[in-house]
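**Q**
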Amino acid sequence: MRVLGVDPGLTRCGVGVVEGVAGRPLAMLGVGVVRTPLDAETGPRLVAIEQGIDAWLDEHRPELVAVERVFAQHNVRTVMGTAQASAVAMLCASRRGIPVALHTPSEVKAAITGSGRADKAQVGAMVTRLLRLDAPPKPADAADALALAICHIWRAPALNRLQQAQAAARPSRIPTTASVRKVSR
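The opening residue of the sequence shown carries number 3 in this note's numbering; numbering runs sequentially from there.
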């Protein structure tokens, strides 16, 4: 499975591509950051993020895009920019028919380090180790994007089994011809 991880941000949007399957060594195919100028208006910054993510999608052709789920923070301005960048990433993937998965920061930290309260240095160290890199990717947004991709690759088999079990337990909502009544006027 090839996954593009996106750590959304309006100034720095981390991107990283990881390929592999759960239980096997993973390979990093690319890592970077889509940057936008602090002094630019929001609209042009979102366009720059869109163009950057589209370029990553063109180059790496992932099967899935894993995006960090936006969570409430005290700084509304920061959460708005993060949410806008997240929406751009989801739009870029969805426009191409690529599935999108959302993972919370604590879910990613727990998957990568074993603790949902790990700090950025711990996440970077584990990403470096898991992908057999010489040094942690810089800035931390890039390492976080790789962590998102790794988290999804590792959790996808369990998530798929859970979704299949939930679907099997749910009664079918598709009407049969016998259950559809004609309405006369």
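The beta carbon of each residue, even a glycine, is placed where N, CA and C say it ideally should be.
Just so you know, these numbers come straight off a predicted model, no measurement behind them.
Report yes if the C-beta distance between R4 and P64 is below 7 Å; otherwise report no.
**A** Residue mapping note: residue 4 aligns to position 2 of the sequence shown, counting from 1. Residue mapping note: residue 64 aligns to position 62 of the sequence shown, counting from 1. The answer is yes: Cβ separation under 7 Å.
**Q** What's the call for V49, buried or exposed, on a 16-neighbour Cβ count within 10 Å?
**A** The residue labelled residue 49 in the question sits at position 47 within the sequence shown. By the 10 Å Cβ count, V49 comes out exposed.
**Q** If you follow the beta strand (DSSP E) that H76 is part of, which residue opens it and which one closes it?
**A** One-based indexing of the sequence shown puts residue 76 at position 74. Segment: none, H76 is in no beta strand (DSSP E) and carries neither H nor E.
**Q** Thinking C-beta only, is L132 closer than 7 Å to E70?
**A** Mapped onto the sequence shown, residue 70 falls at position 68. Mapped onto the sequence shown, residue 132 falls at position 130. No, they are not a contact pair.
**Q** With a CB to CB cut of under 7 Å and the five nearest residues on each side skipped, what residues in its chain are close to T130?
**A** To locate residue 130, count along the sequence shown from 1; it is residue 128. A137 and P138, listed in sequence order.
**Q** Can you tell me whether DSSP reads V23 as helix, strand or coil?
**A** Reading the sequence shown from its first residue, position 21 is the one you call residue 23. Looking at V23 - three-state DSSP - the assignment turns out to be coil, as it is neither helix nor strand.
**Q** Taking the beta strand (DSSP E) that L12 belongs to, which residues open and close that run?
**A** Working through the sequence shown from its first residue, we reach residue 12 at position 10. Segment: none, L12 is in no beta strand (DSSP E) and carries neither H nor E.
**Q** Which residues share a DSSP beta bridge with R6?
**A** On the sequence shown, position 4 is the one that residue 6 refers to. The question names Arg, but residue 6 in the sequence shown is Leu. Per DSSP, V19 and V67.
**Q** Any heavy atom of the ligand GTP closer than 6 Å to the Cβ of G116?
**A** This structure lacks the ligand GTP; in fact it carries no ligand of any kind.
**Q** When DSSP builds the beta bridges, which residues end up paired with V36?
**A** For this step, residue 36 is matched to residue 34 along the sequence shown. Its beta-bridge partners are C15.
**Q** For D9 and A57, I'd like the C-alpha separation in whole angstroms.
**A** For the purposes of this step, residue 9 is taken as the residue at position 7 of the sequence shown. For the purposes of this step, residue 57 is taken as the residue at position 55 of the sequence shown. D9 and A57: Cα-Cα distance of roughly 16 Å.
**Q** Which full runs of the alpha helix (DSSP H) of 4+ residues lie inside the region 95-168, going along the chain?
**A** 107-115 and 122-132
**Q** Measuring straight from C-alpha to C-alpha, what distance separates S96 and A113?
**A** Start at 1 with the first residue of the sequence shown, and residue 96 comes out as number 94. Start at 1 with the first residue of the sequence shown, and residue 113 comes out as number 111. When rounded, the distance between both Cα atoms is 25 Å.
**Q** For A145, which residues of its own chain have a beta-carbon under 7 Å away from its beta-carbon, when the five flanking residues on both sides are left out?
**A** Along the sequence shown, one-based indexing puts residue 145 at 143. Excluding sequence neighbours, A145 sits near V125, G126, V129, P138 and P139.
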